[in-house]
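The block underneath contains the structure these notes are about, expressed in structure tokens.
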Amino acid sequence: MTATVTDHDNAYADLLGSDDAHWAFGHLPEIQQGEDPLAGVDTTVPAGLDPAGLAAYCLFLGDDALVMSHRLSEWCSNAPDLEDDIALANIALDLLGQARLLLSRAAAADPSVVPALPEGSPVPAEDALAFFREARDFRNVRLVEVPHGDFGHLVARLLLFATARLAAFERLTAHADPVLSAIAAKGVKELAYHRDYAARWFVTLAQGTDESRRRLLAGLTEVWPLQAELVATYDVAAETGVVLDEVLAAAGVDRPAVGPMSGHGHTEALSRMLAEMQVVARAHPLGTW
Amino acid sequence: MSEWPLYEVFVRGKRGLNHVHVGSLHAADDAMALHNARDVYTRRNEGVSIWVVRADAIAASSPDEKDPLFAPAGDKVYRHPTFYSIPDDVPHM
Amino acid sequence: MTTTVPEDVLLQQFDAVIARNDRIEPRDWMPEGYRKTLVRQVAQHAHSEIIGMQPEGNWLTRAPSLRRKAILLAKVQDEAGHGLYLYSATETLGVSRGELTEMLIEGRQKYSSIFNYPTLSFADVGTIGWLVDGAAICNQVPLCRTSYGPYGRAMIRICKEESFHQRQGYELLMTMMRGTDEQRAMVQESVDRFWWPALMMFGPPDADSPNTAQSMAWGIKRNTNDDLRQRFVDMTVPQAEALGVTLPDPELRWNEERGAHDFGQPDWDEFMQVVQGNGPCNRQRIAHRRRAHEDGAWVRDAATAFAARGTS
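First to last, the protein sequences are chains A, G and C. Counting the first sequence from 1 gives a position; my numbering is that position plus 292. Counting the second sequence from 1 gives a position; my numbering is that position plus 420. Counting the third sequence from 1 gives a position; my numbering is that position plus 5.
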């Protein structure tokens, strides 16, 4: 910053006071602010682990977080009330943080996953992965990419997603790669909160008004066919089933009578979403942000 | 259309300090108020103790001895004590 | 209101508090005009934070790096928080958030004219941080000492976060200026569009600002519009030089005699048009807010019904 800006700050410093502790300010964690999410971390892949396999797994976990975070960020300024706008932004920020760590981990484990950019491009690996891959190279599940619906749809999708991902992350805290296990340990706390947020709203909407119950069930029925792919990919069918049954019972809701969606790969929604997400970055492959 | 009731939020930033009034928010019930407070006033900072209380459940007296308003406070919405900081030397607050 | 003290005595006590630069608190008696002026100003300020989420939120899904996406999302989230603090301050004056939201979407209360301009490139995210948040800080820092306690306390927190946002915005622009020619052109084009609207943020010239004198006498406002505008220009010129951009005002030059910059006047006719609802984005911003509020009604009702069941 210039000296002028500093002077201006100083001129008002007394007015603003300095008792930050008093206010319990929330600021963006450093990991979100920094240029390199894995700065200072030893990213050597432990002997006995296949770097390409580790990278592919981190890409899948990272892409899920990135795409889900993107869909959640679309709620910004659209939530039912200010308090929920803030809560949803917190969840989106947590997942974005996970995506940055996991994409960086993938790139460090196996640099060949990172798309080639023109010579001299300053774009970091995490951004090359997020903004310069085609839809077919994204490894996320379909549940996170379908366009967002109403708040009932959001709550149903978030409940399914956070429940499966939390179960997977709890297991990953014991992963042989210390970087991935550390990322999982951090994520467990975040995901437990996301699941709690979704479960509370799930029960509230189910037991609230006739309309809220109708909308929640419609949302649940819409995302339910995508649940099978989710729990199979995360390999958490058993753990997830127990938790979901508990929430469904508390809400007085039956499992929807719709079968799993067949096929794999992506829906039509992903490439459209990425076209928007990647448009500025791709227009400036030599740009620095 | 119904509006959620107003809650006052008190936060203890770390052990050894009093809870301090930090602001208010709307929530449908106590559980939601606690969750909202965590999101809004601590941005989910862990290790922070939070109290929430419905604004209409707070009994308050005026800080000014010459307070002319002897009428019961409860019927005057605009006199609820949002943003009223509790001094640090009040015990157990 | 039942009271045993005559109104002229109450007014004397109120005036004495103002005169000794002390704060008025929610339980104090206050003249109706003071209360109304405060509600108008604080609500307008709260609405500005909430409507202000939209122009920047417009680039959330297109931010060109994950780091910038996170910073932008956290910033727009802060604005929701600021709106919430300020709506809380108005509630101490007897007006609820729901009532204020109704007044906003029915066009009965205003918000800062700046948010009726579109954001057309990602550089606008940086420019809004630098110029718009910079202008807001000039307006708001004096309000930390405003005579109404809850408003001042909300402003202290908001100012801290705003100065953080201004630095982030400036840092984005600096980074882009170190990038490609296209990026530098984006920054200049963005500054060209936002400079005059930023100057308008301080309101009309003092001669045309009928409410300023009473607001200053009550200690609700602490500086005139023109004072603050001058302070902003003087602060911004060296920042623009350091950044390497040109401010689009041919009349802008240092005046040795005054020890301040001379500068041109914004197009006040355009300002009046925007204030009257005919700016580029007025209808879009209100329609967005109305849609979010109305779409959320069934959710808010559901939570109310659920809570009522829990306590019955």
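All C-beta atoms in this analysis are idealised placements derived from N, C-alpha and C, irrespective of residue type, glycine included.
Checklist line | Reduced DSSP secondary structure (H/G/I, E/B, other) of residue 283 of chain C | finding: helix
Check: Out of C:27, C:167, C:60, which has the shortest C-alpha to C-alpha gap to residue 83 of chain C?
Finding: C:167
Next item on the list: Taking 8 angstroms as the cut-off, decide whether the C-beta atoms of residue 88 of chain C and residue 374 of chain A are in contact.
Entry: yes
Next item on the list: Since I believe residue 76 of chain C is in contact with residue 173 of chain C (beta carbons under 8 angstroms), could you give me their beta-carbon distance rounded to a whole number of angstroms?
Entry: 6 angstroms
Next item on the list: Tell me where the alpha helix (DSSP H) around residue 220 of chain C begins and ends.
Entry: 217-222
Notebook entry, point to check: So, does the CB of residue 475 of chain A fall closer than 8 angstroms to a CB anywhere in chain C?
Noted result: no
Next item on the list: Determine whether the Cβ of residue 45 of chain C lies closer than 8 angstroms to any Cβ atom of chain G.
Entry: No - not a single Cβ of chain G is within 8 angstroms of the one on residue 45 of chain C.
Check: Where does residue 495 of chain A land, buried or exposed, given buried means 16+ other C-beta within 10 angstroms?
Finding: buried
Next item on the list: Taking residue 337 of chain A as the reference, give the member of A:427, A:498, A:346, A:331 with the closest Cα.
Entry: A:346
Note to self: Contact between the segment 456-473 of chain A and the segment 265-273 of chain C is defined here as three or more beta-carbon pairs at a separation below 8 angstroms; is this criterion met?
What the structure shows: no
Notebook entry, point to check: Ends of the alpha helix (DSSP H) at residue 456 of chain A?
Noted result: 443-464
Checklist line | residue 382 of chain A at chain G interface by Cβ criterion, 8 angstroms | finding: yes
Item checked: Sub-8 angstroms separation of residue 66 of chain C and residue 404 of chain A beta-carbons -> Between residue 66 of chain C and residue 404 of chain A, the gap from beta carbon to beta carbon reaches 8 angstroms or more.
Next item on the list: Compute the distance between the beta-carbons of residue 125 of chain C and residue 114 of chain C, then report whether it is under 8 angstroms.
Entry: Against a cut-off of 8 angstroms, the Cβ pair of residue 114 of chain C and residue 125 of chain C comes out as no contact.
Next item on the list: Can you check DSSP and say which residues form a bridge with residue 70 of chain C?
Entry: Per DSSP, none; premise fails for residue 70 of chain C.
Checklist line | Continuous alpha helix (DSSP H) stretch holding residue 225 of chain C: start and end | finding: Run containing residue 225 of chain C: none; DSSP gives neither H nor E here.
Next item on the list: Check each residue of the segment 33-65 of chain C: if its Cβ is closer than 7 angstroms to any Cβ of chain A, include it; give the result in chain order.
Entry: 58, 59, 62, 65
Notebook entry, point to check: Going by DSSP, what residues sit across from residue 267 of chain C in a beta bridge?
Noted result: C:258
Item checked: Beta carbon of residue 103 of chain C nearer than 8 angstroms to that of residue 423 of chain G -> For the 8 angstroms CB-CB criterion, residue 103 of chain C and residue 423 of chain G form a contact.
Next item on the list: Answer with buried or exposed for residue 80 of chain C, where buried requires no fewer than 16 other C-beta atoms within 10 angstroms of its C-beta.
Entry: Classification of residue 80 of chain C: buried, given that the 10 Å Cβ count is 16 or more.
Check: So what does DSSP say about residue 423 of chain A, is it helix, strand or coil?
Finding: helix
Check: Any C-beta of chain G sitting closer than 8 angstroms to the C-beta of residue 437 of chain A?
Finding: no
Check: How many angstroms separate the CA atom of residue 340 of chain A from the CA atom of residue 418 of chain A?
Finding: 25 angstroms
Next item on the list: Classify residue 96 of chain C as buried or exposed, calling it buried when 16 or more other Cβ atoms lie within 10 Å of its own Cβ.
Entry: Under this definition residue 96 of chain C is a buried residue.
Check: DSSP puts residue 430 of chain G in a beta bridge; with which residues?
Finding: In the DSSP output, where bridge partners are listed per residue, residue 430 of chain G has G:441, G:471.
Notebook entry, point to check: Can you list the alpha helix (DSSP H) stretches of 4 or more residues lying completely in the segment 151-185 of chain C, in chain order?
Noted result: If we require 4 residues or more, the alpha helix (DSSP H) runs fully inside the segment 151-185 of chain C come out as 154-182.
Next item on the list: Could you tell me whether the Cβ of residue 541 of chain A comes closer than 8 angstroms to any Cβ of chain G?
Entry: Not closer than 8 angstroms to any Cβ of chain G, the Cβ of residue 541 of chain A fails to qualify, so no.
Note to self: For residue 142 of chain C, tell me which candidate among C:189, C:186, C:188, C:203 has the shortest Cα-Cα distance.
What the structure shows: Comparing Cα-Cα distances from residue 142 of chain C to each of C:189, C:186, C:188, C:203, the minimum goes to C:203.
Notebook entry, point to check: Any idea what DSSP makes of residue 478 of chain G, helix, strand or coil?
Noted result: coil
Next item on the list: Quick one: grab the DSSP three-state call for residue 446 of chain G.
Entry: In the three-state reduction of the DSSP assignment, residue 446 of chain G falls in the strand class, which pools E and B.
Notebook entry, point to check: residue 576 of chain A lies in the alpha helix (DSSP H); which residues open and close that run?
Noted result: From DSSP, residue 576 of chain A is part of no alpha helix (DSSP H); its letter is neither H nor E.
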